[in-house]
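**Q** Residue numbers (my numbering), protein chains in the order written: chain B, 1196 to 1414; chain U, 1196 to 1414. Note that the Cβ used here is the ideal one computed from N, Cα and C, for glycine as well.
Protein chains: 2
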Amino acid sequence: MSRPRRIPHATVARLPEYLRILVELAHSQHDTVSSGRLADLGGFNAAKVRKDLSYLGSYGTRGVGYDVLGLLDEVREALGLTAARGVVVVGAGNLGRALANYSGFEERGFPVLALVDADVDKVGTRVGQLEVRHADELPALVIELGLRIGVIAVPSATAQDAADRLVSAGLKALLNFAPSHVSAPPKVAMRRVDLARELQVLSFYEHQLGTSAPGEPAR
Amino acid sequence: MSRPRRIPHATVARLPEYLRILVELAHSQHDTVSSGRLADLGGFNAAKVRKDLSYLGSYGTRGVGYDVLGLLDEVREALGLTAARGVVVVGAGNLGRALANYSGFEERGFPVLALVDADVDKVGTRVGQLEVRHADELPALVIELGLRIGVIAVPSATAQDAADRLVSAGLKALLNFAPSHVSAPPKVAMRRVDLARELQVLSFYEHQLGTSAPGEPAR
DNA sequence: GACTGTGAAGTAGTTCACAGCT
DNA sequence: AGCTGTGAACTACTTCACAGTC
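In structure tokens:
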């Protein structure tokens, strides 16, 4: 009930899932929810849910459950989602254009406000609402549009360069879609999504038919 | 050096990364590689690399390192990547079309051979090389094209339905891009990628400026 | 001397089980 | 009675440290 400081990474990785579930519960007019119900909806275990929420200094009520709206605020607050966070996509190839168009980002509070590329032939072309800008404009765009998160959607060979540009333009959070390891200063938060990797992991478990794949990643 | 049975999930999740690095090393004519070098290239620690590879019954040579081509085969074999694995994408919306077009899948051995949708208005339209087929044709397509993996790219509300269709069409490996929890029989390998979730996790670490985000997920 | 393979120690994450509130 | 919050036990993963091989 007090508010302990350090939230373990495994818990942080589940917060977006709690958020999603709580948004749905709020829509369907539920005002309280128990850890058991949250566990069912998210595919977790009830004890884990309670422990996770306890790190937020959650306000559950014994005998009753958690207040949906209150908890929703707590989770949003913990994730730092109190204001929309503008995203810039670097790389206007296939993947970059798709990401810039993907409505799921805007819906969840991450509007894609800019799309840049280093290739002058691509600069000026339109992708949905956006016009492709030159990568050199990054520092100006970051300031002008208040960008917070950079998405790297360039080929592996230039991913490190894209990351460096984003960091020197002042961004502190990067999501890398290129299938290669990119390094950044320790103050910069960095995650990677490798779509083909997911298929390879699936391939492993399908291959080993019978061995069921564990649920979802943590860390 | 013997070949112990159960590969821990955290190790499985890193195998694709080793694979990628080994492919690059092979291209650049390296014939051996040490655990330390692999660790550098992947952003790991050398002891972890050695332990991971030991689960494959790896053939490292003390004093020398690992044979690049031999290890490449071992990893490919462990991942079950000895033959190409056909993929079907369910959902021809924004995301589904982008995934069907994404060249990274084919490049890594997962050709997208079919794209289906339940909406008759979308059936017959073209996306890259593919013509959108009706979701009812799934069981036939699975047999005809030898599909192995299903990718779910429909809205949350219909994700469970899409999963059920894929499972009853005989697929044993599903990748879910919808931001909701989907259940499947235990024999079916199932993973989820939630793009907005990654941004939310980044938001957390950016918010808590100074707390550096740990590297990459395992499990 | 360089580098692997692996027990053992250390750390993180999960689950149990129950005391404590409503 | 129902459900939270949390120490304690357990399980998984990582890292150390060193014996063993080339």
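What first and last residue would you give for the alpha helix (DSSP H) that runs through I1216 (chain U)?
**A** By one-based count along the second sequence, residue 1216 (chain U) stands at place 21. Its alpha helix (DSSP H) spans residues 1204-1222.
**Q** Of the choices B:A1287, B:D1316, B:H1376, B:E1272, whose alpha-carbon is the least far from that of Q1403 (chain U)?
**A** Residue mapping note: residue 1403 (chain U) aligns to position 208 of the second sequence, counting from 1. Ranking the options by Cα distance to Q1403 (chain U), first place goes to B:E1272.
**Q** Residues of chain B with a CB under 7 Å from the CB of V1207 (chain U): which are they?
**A** Your numbering for residue 1207 (chain U) matches position 12 in the second sequence. The answer, in chain order, is V1396, F1399.
**Q** Is the CB of G1291 (chain B) under 8 Å away from at least one CB in chain U?
**A** Here residue 1291 (chain B) refers to the residue found at position 96 when the first sequence is read from its first residue. Not one chain U Cβ lies under 8 Å of G1291 (chain B).
**Q** May I ask you to verify whether the segment 1377-1384 of chain U touches the segment 1376-1389 of chain B, counting CB pairs closer than 8 Å and requiring at least 3?
**A** Cβ pair count under 8 Å is below three, so no.
**Q** With a threshold of 16 other CB atoms inside 10 Å of the CB of Q1395 (chain U), please say whether the residue is buried or exposed.
**A** For the purposes of this step, residue 1395 (chain U) is identified with residue 200 of the second sequence, where counting begins at 1. Buried, since its Cβ has 16 or more Cβ neighbours within 10 Å.
**Q** Within 10 angstroms of the Cβ of A1208 (chain U), are there 16 or more other Cβ atoms? Answer buried if so, exposed if not.
**A** For this step, residue 1208 (chain U) is matched to residue 13 along the second sequence. Its Cβ being crowded by 16 or more others within 10 Å, A1208 (chain U) is buried.
**Q** Quick check: G1345 (chain B) and V1285 (chain B), are their CB atoms within less than 8 Å of each other?
**A** As a working mapping, residue 1345 (chain B) is identified with position 150 in the first sequence. As a working mapping, residue 1285 (chain B) is identified with position 90 in the first sequence. Against a cut-off of 8 Å, the Cβ pair of V1285 (chain B) and G1345 (chain B) comes out as a contact.
**Q** Rounded to whole angstroms, what's the CA-CA distance from V1327 (chain U) to L1336 (chain U)? Just pull it up for me.
**A** Here residue 1327 (chain U) refers to the residue found at position 132 when the second sequence is read from its first residue. Here residue 1336 (chain U) refers to the residue found at position 141 when the second sequence is read from its first residue. Looking at the two C-alpha atoms, the distance is approximately 12 Å.
**Q** Any beta carbon of chain B sitting closer than 8 Å to that of Q1296 (chain U)?
**A** Here residue 1296 (chain U) is taken as the residue at index 101 of the second sequence, counted from 1. Strictly speaking, residue 1296 (chain U) in this sequence is Asn, with Gln absent from that position. Cβ-Cβ to chain B under 8 Å: yes for N1296 (chain U).
**Q** Kindly list, in the order they appear in chain B, the residues whose Cβ is closer than 7 Å to that of E1393 (chain U).
**A** Residue 1393 (chain U) sits at position 198 when you count from the first residue of the second sequence. Within 7 Å Cβ-Cβ: L1370, R1386, V1388.
**Q** Are the CB atoms of L1233 (chain U) and V1244 (chain U) within a distance shorter than 8 Å?
**A** In the second sequence, residue 1244 (chain U) corresponds to position 49, counting from 1. In the second sequence, residue 1233 (chain U) corresponds to position 38, counting from 1. It is a contact, given that the beta carbons lie within the stated cut-off.
**Q** For T1277 (chain U), does the three-state DSSP call read helix, strand or coil?
**A** Reading the second sequence from its first residue, position 82 is the one you call residue 1277 (chain U). Coil.
**Q** Which residues bound the alpha helix (DSSP H) around R1232 (chain B)?
**A** Residue mapping note: residue 1232 (chain B) aligns to position 37 of the first sequence, counting from 1. Counting along the chain, the alpha helix (DSSP H) containing R1232 (chain B) begins and ends at 1230-1237.
**Q** Do we get a CB-CB distance below 8 Å when we pair I1338 (chain B) with the residues of chain U?
**A** Within the first sequence, the letter at position 143 stands for residue 1338 (chain B). Judged by the 8 Å Cβ criterion, I1338 (chain B) is not in contact with chain U.
**Q** So what's L1340 (chain B) in DSSP terms, helix, strand or just coil?
**A** On the first sequence, residue 1340 (chain B) is found 145 positions in, with the first residue counted as 1. Note: L1340 (chain B) maps to helix in three-state DSSP.
**Q** When the Cα atoms are used, what is the spatial distance from H1222 (chain U) to I1216 (chain U)?
**A** For the purposes of this step, residue 1222 (chain U) is taken as residue 27 along the second sequence, with counting starting at 1. For the purposes of this step, residue 1216 (chain U) is taken as residue 21 along the second sequence, with counting starting at 1. The alpha-carbon atoms of H1222 (chain U) and I1216 (chain U) are separated by roughly 10 Å.
**Q** If we ignore side chains and look at the alpha-carbon of each, how far apart do R1198 (chain U) and H1225 (chain B) end up?
**A** Taking the first residue of the second sequence as position 1, residue 1198 (chain U) is located at position 3. Taking the first residue of the first sequence as position 1, residue 1225 (chain B) is located at position 30. Its pLDDT being 48, under 50, R1198 (chain U) is placed unreliably in this model, and the coordinates cannot settle the point.
**Q** Can you tell me whether DSSP reads D1389 (chain U) as helix, strand or coil?
**A** Along the second sequence, one-based indexing puts residue 1389 (chain U) at 194. If DSSP states are grouped into helix, strand and coil, D1389 (chain U) belongs with coil.
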